[in-house]
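Engineer: One structure follows; several queries about it will come next.
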Amino acid sequence: MSHRQLRRAWVSSLLVTTLVALPTAGMAGFLVFTASAIATPEERAAAELGDMEAWIAPSGVPGEGFWQVPTEPEWNGYPIDADGVMTMPDGEPLDDPTGLLAAGTEVLPVSRGMVSVATDDGSVVLPAWAGTTWDPRFGEAFVLVAGDRPVTAREAMVTTAALERLGLEIGDALRLSDGPAFTVTGTLDAATIADGVAAVFLPEHARGAVGGTQKWYLPELGLSWADVQRLNDDGGVVAYSRTVALDPPEFSNRYYSSSSTDRWAKMWPLVLMLSVAALFAGYVVVMLAGAAFAVAARRQQRALAVAASVGADRRDLSRVVLLQGTALGLVGGVVGIAGGIGIAALVIALGAGGTTMFWGFHVPWELIAAVLVFAVIVGTVSAWMPARTVGRTDAIRALRGARRPQRPVVARPIWGSVLIVSGVAITLLCAFAVAAINATNFFGYDSLMRYLPAYGIVVGPIVAQFGILLSGRWLLWTASRGLSRAGMAAKLASRDAAANASRTVPAFAATAATVFIGVFALSQSSMQTAQTARLWYYDAPPGSIAIPIWPGSSSSGVLHAEDAEAGTAAALQIAHDAGADRAAVVSRQLNTVWEYPSADAVPDDVTFTIALLGDQHLLDPEVQDSYTSFGQDPSNPISVVAAEDVAVVMGVDLTASDLAAYRDGAALVADDRFVSGGAIDVATFAGSDVYEGRVPDNIWERRPDAPRVAEPQRTERLEAIVVDAPLQPVSIAVAPSTGERLDMALMPERVVAMTPAPPTWAERDRMQAQAELLSGASFTLAPGVEEGPPSDAAWMVPLLAAVAVLVLGASAVALGLARFERRPDDATIAAVGGTRSLRRGIGFWQGLIIAGLGTLAGAAVGVLPPIGFSIQSGGAQQVSDIPWWLIAALVVVLPLAIAVTNWLVPPRNPDLTRRTAIT
1154 MSHRQLRRAW VSSLLVTTLV ALPTAGMAGF LVFTASAIAT PEERAAAELG
1204 DMEAWIAPSG VPGEGFWQVP TEPEWNGYPI DADGVMTMPD GEPLDDPTGL
1254 LAAGTEVLPV SRGMVSVATD DGSVVLPAWA GTTWDPRFGE AFVLVAGDRP
1304 VTAREAMVTT AALERLGLEI GDALRLSDGP AFTVTGTLDA ATIADGVAAV
1354 FLPEHARGAV GGTQKWYLPE LGLSWADVQR LNDDGGVVAY SRTVALDPPE
1404 FSNRYYSSSS TDRWAKMWPL VLMLSVAALF AGYVVVMLAG AAFAVAARRQ
1454 QRALAVAASV GADRRDLSRV VLLQGTALGL VGGVVGIAGG IGIAALVIAL
1504 GAGGTTMFWG FHVPWELIAA VLVFAVIVGT VSAWMPARTV GRTDAIRALR
1554 GARRPQRPVV ARPIWGSVLI VSGVAITLLC AFAVAAINAT NFFGYDSLMR
1604 YLPAYGIVVG PIVAQFGILL SGRWLLWTAS RGLSRAGMAA KLASRDAAAN
1654 ASRTVPAFAA TAATVFIGVF ALSQSSMQTA QTARLWYYDA PPGSIAIPIW
1704 PGSSSSGVLH AEDAEAGTAA ALQIAHDAGA DRAAVVSRQL NTVWEYPSAD
1754 AVPDDVTFTI ALLGDQHLLD PEVQDSYTSF GQDPSNPISV VAAEDVAVVM
1804 GVDLTASDLA AYRDGAALVA DDRFVSGGAI DVATFAGSDV YEGRVPDNIW
1854 ERRPDAPRVA EPQRTERLEA IVVDAPLQPV SIAVAPSTGE RLDMALMPER
1904 VVAMTPAPPT WAERDRMQAQ AELLSGASFT LAPGVEEGPP SDAAWMVPLL
1954 AAVAVLVLGA SAVALGLARF ERRPDDATIA AVGGTRSLRR GIGFWQGLII
2004 AGLGTLAGAA VGVLPPIGFS IQSGGAQQVS DIPWWLIAAL VVVLPLAIAV
2054 TNWLVPPRNP DLTRRTAIT
């Protein structure tokens, strides 16, 4: 009987099948996509080794109990004591691990790093290998794509993407920026990088240019787990062995477990995330499919009543409808899984040449089976409430076609109100609880009580949503009473919605759930984006180039004055080559006291000048034991910037009077905590006092056991020009003449440059490559372009579009069902003189009621979690950052758009109906 009813009501059956299939297809496709991006042990071994047996590489200190995870050589360490502490021994790894192997063992050394390649526009830094990677024994690890393998020391290979990136063809010369040229003999594909990545493969003698890490591959010597452990312990050498990778032993210690490297362990976090999405999708589908089943069940009432009249009991009638849900869930699940796997296969095939790396086409059948079970459960649950209603139907009334008016049950709005109030209370109480817990040390950071209330901030609104669902029939009934005076169309539409609550309530509940997720994500992300913007550390004004100058590779961590000058010249060259029309040098005080062996050895002419921070701004170390500088240095807060460079460095424009005052000795202050009485206090201390720690650090209150602050050699008050500038390296700036008058020993620390247009990615690549070439033993340059904090526009538009599409879909289903079920009523309205415009108006108000109630309820509940998280953050996230205007627009515009669309779609011609007249 269920099969017959499904075929008769094929339109609603197709609708339910589609509703189940859509999320099922998404979940199946996501699982296949994710699984295909995770390598199996066999694929990992082929990519790492090809046809080789193993590779080895020095990593730890020999003879110190070094260990590694069997299948993850990069996860390694030294013995761990009973307290869980790993002690790093003194010593250096071996330069060449081949001495640990048997004499005559064949090895192929290969280095992997980066190399600077010359181009027509400058240079570019690319991933590179040095070694005979084209050896046929590497098999799947390095695959020959086109051309020939190199045979001389001046031949090399590249990836196909590198040919396009460098504008080369096979046979052309590949020129290194600081090395020789090589003839490109062909293209090679490395299994450990995506096909869209540009890379080069050089002979072994180019290892110096490539740098990076080196591995020694073993073509014939297999390594057992015992062999690997011997290499670990004796030589501090890690190994990746085919034998171990394909049959890994059990491994566990206080830091790592071999189970954490299992392929399924990598998928479970994604599965958990998918489960949360499945709960949301299941809820929406149950609501919408439940509405469709409610309509279909009412259409089946007469047939089911006939079955009841010939002996079918209530359980049989309920089972008929319930089996329909199960069958449609199964069909929808199968169709969705097939479609999801097909879509995933298409995406993987299309993305094979991009930057996303897929190891193969993996279908996790265990999880796919779980998705099918999910689809069957969703279909069954969708039919449960209509089946329960059918079981309670009066057969005599059903045979007569009579329908009793529905009224809201008193208990439901009461319980709904209780759940709504409880949800709001849970959210607010948990928010205050988290804020209180974070303000104390009563609970440890690993205590469950520290994190449990945070879940309540999200659980509370979900409870409130169920309250709205229980109160839905009452809300519709109340709305119908209020709209009864708004005109005939509004009156009929609201009464139809209230009379058919089994169809209408699930529809606006699904809309509310969708809007809840969207408003929650929109509000929370907006608060976090605004918080990020408030705390954003600007290396330079947005769009500008910042080039810090750091100590070189051979220095002891201290940048000397002559090296800083050389670095400044190199940084200015990079800025000029990048097209900068203005470049400025920022200098800071050079602290040389640590170059002396003791305080007594510091010469008397070595001094240190700082601006003093007021005592009221210092932190009590007993209360707050940590401090974040946000990139600034309170202990050395004064920077020296030329007056004409202030706009370039700080992004502020001074008036003519302020600029004149700055040149005459005033200080430009971006951190107003240093200002008192319109000026800042500057003090100069002896170098020996700095050495002994007798100088204020502008961070902490002085501890009782700390050395007493020394008397400064000189103090001075400088007029303060307070500017509204974002967080940046310069907190106080003075002119070069002022720095000279204060006897400050200065040293360049960075170059800031402005370009007519923001540098392109190609120009940024060239800057980075040029910086790597110019950097060396004496200084290091790190150029970058300041882009400012991330904008929320990039995700806000897609999010709103997704919410709009889901709400439109839910509303389309609900309104389509309403039109289908309202056909007899339309015929009655037309028969008694109802105009076409009246029937259009009914459609308008139905769309407005369903979408309006759902959107309003979802938005009201969706702002609760962000408010809760704002409370628990202690003011770091602010409710004022929520885009209230956008949420209000969403609540107003979206229902109106749906209502107008429903009005524009003309109602079909009314069906001719015949009713029996009793005379």
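The sequence shown runs 1154 to 2072 under our numbering. Just so it is clear, CB atoms sit at the ideal spot from N, CA and C, and this is done for glycine as well.
1) Alpha carbon to alpha carbon, how far is I1530 from L1175?
2) For L1202 versus A1294, is the C-beta distance shorter than 8 Å?
3) If you follow the alpha helix (DSSP H) that I1139 is part of, which residue opens it and which one closes it?
4) Return the chain-ordered list of same chain residues with a C-beta closer than 6 Å to the C-beta of A1646, the five sequence neighbours on each side being excluded.
5) Counting along the chain, where does the beta strand (DSSP E) carrying A1326 start and finish?
6) Counting along the chain, where does the alpha helix (DSSP H) carrying D1842 start and finish?
7) Does the distance from the CB of P1211 to the CB of A1392 come in under 8 Å?
8) Rounded to a whole number of angstroms, what is the C-alpha to C-alpha distance between A1181 and I1521?
9) Quick check: what's the CA-CA separation for A1800 versus T2008?
10) Given this structure, state the Cα-to-Cα distance separating M1108 from E1217, to the nearest angstrom.
11) If you count every other CB in all the chains shown that lies within 10 Å of the CB of L1772, and 16 or more means buried, which is it?
12) Just to confirm the assignment: which complete alpha helix (DSSP H) runs, minimum length 4, are found wholly within the segment 1178 to 1241?
13) Below 8 Å between beta carbons: does that hold for G1275 and Q1923?
14) Where does the unbroken beta strand (DSSP E) through I1702 begin, and where does it stop?
15) Using only alpha-carbon positions, find the residue among V1185, A2052, F1291, A1536 that is nearest to M1205.
16) So, for T1313: in the same chain, excluding its five sequence neighbours on each side, which residues have a beta-carbon less than 8 Å away from its beta-carbon?
17) Label V1169 either buried or exposed according to how many other C-beta atoms from any shown protein chain fall within 10 Å of its C-beta, with 16 as the threshold for buried.
18) Distance check for A1859 and A1839, CA to CA, integer angstroms please.
19) State yes or no: is the C-beta of L1253 within less than 8 Å of the C-beta of L1384?
20) Expressed to the nearest angstrom, what Euclidean distance is found between the alpha-carbon atoms of L2047 and L1319?
21) So, is A1910 buried or exposed, given that buried needs 16 or more other C-beta atoms within 10 angstroms?
22) If we ignore side chains and look at the alpha-carbon of each, how far apart do T1508 and I1323 end up?
23) If you follow the beta strand (DSSP E) that A1754 is in, where does it begin and where does it stop?
24) Suppose the cutoff is 7 Å on Cβ atoms and the five residues either side in sequence are ignored; what does the same chain contact list for L1743 look like?
25) Does T1913 pass the burial test, meaning 16 or more other C-beta atoms within 10 Å, or should it be called exposed?
26) What whole-angstrom Cβ distance do A1352 and P1280 have, given they're in contact under 8 Å?
27) Can you give me the Cβ contacts of L1927 inside the same chain, cut-off strictly under 8 Å, excluding the 5 residues immediately before and after it?
28) Based on Cα-Cα distance, which residue from P1223, E1317, Q1367, I1233 lies nearest to G1284?
29) Quick one: what does DSSP say H1729 is sitting in, helix, strand or coil?
30) Report the rounded CA-to-CA distance for L1622 versus V1668, giving the unit in angstroms.
31) With a Cβ-Cβ cutoff of 8 Å, do V1577 and G1613 count as a contact?
32) Decide if G2028 is buried, meaning its Cβ has at least 16 other Cβ atoms within 10 Å, or exposed.
33) Between the segment 1814 to 1824 and the segment 1869 to 1876, can you find at least three pairs of beta-carbon atoms closer than 8 Å?
34) Leaving out the 5 sequence neighbours to the left and right, which residues in its chain are closer than 8 Å to L1321 when beta-carbon positions are compared?
35) What's the gap between the Cα of A1536 and the Cα of Q1618?
36) Pairing CB atoms from the segment 1954 to 1967 with CB atoms from the segment 1692 to 1702, are three or more of them under 8 Å?
Structural biologist: Per the coordinate set shown:
1) 15 Å
2) yes
3) Nothing about residue 1139 can be reported from this structure: the residues present for the chain run from 1154 to 2072 only.
4) I1995, W1998, Q1999
5) 1326 to 1328
6) Where D1842 is concerned, the enclosing alpha helix (DSSP H) stretches over 1840 to 1844.
7) no
8) 6 Å
9) 47 Å
10) What is shown of the chain runs 1154 to 2072, which leaves residue 1108 out entirely.
11) Classification for L1772: exposed.
12) 1194 to 1202
13) Yes, Cβ-Cβ distance for G1275 and Q1923 is below 8 Å.
14) 1698 to 1704
15) Ranking V1185, A2052, F1291, A1536 by Cα distance to M1205 puts F1291 first.
16) V1298, A1299, T1340, D1342, D1348
17) The residue is buried, with at least 16 neighbouring Cβ atoms inside 10 Å.
18) 18 Å
19) yes
20) Near 49 Å, if we compare the C-alpha coordinates of L1319 and L2047.
21) exposed
22) Confidence in T1508 is poor, its pLDDT being 43 and thus under 50, which makes the residue's placement unreliable; the coordinate value appears in the next sentence. T1508 and I1323: Cα-Cα distance of roughly 23 Å.
23) Note, A1754: premise wrong, no beta strand (DSSP E); not H, not E.
24) A1714, A1898, L1899, M1900
25) exposed
26) 4 Å
27) A1723, Q1726, I1727, L1934
28) The residue with the shortest Cα to Cα distance from G1284 is Q1367.
29) helix
30) 14 Å
31) yes
32) exposed
33) yes
34) V1311, A1315, L1327, V1337
35) 21 Å
36) No: the two stretches stay apart, fewer than three of their Cβ pairs being nearer than 8 Å.
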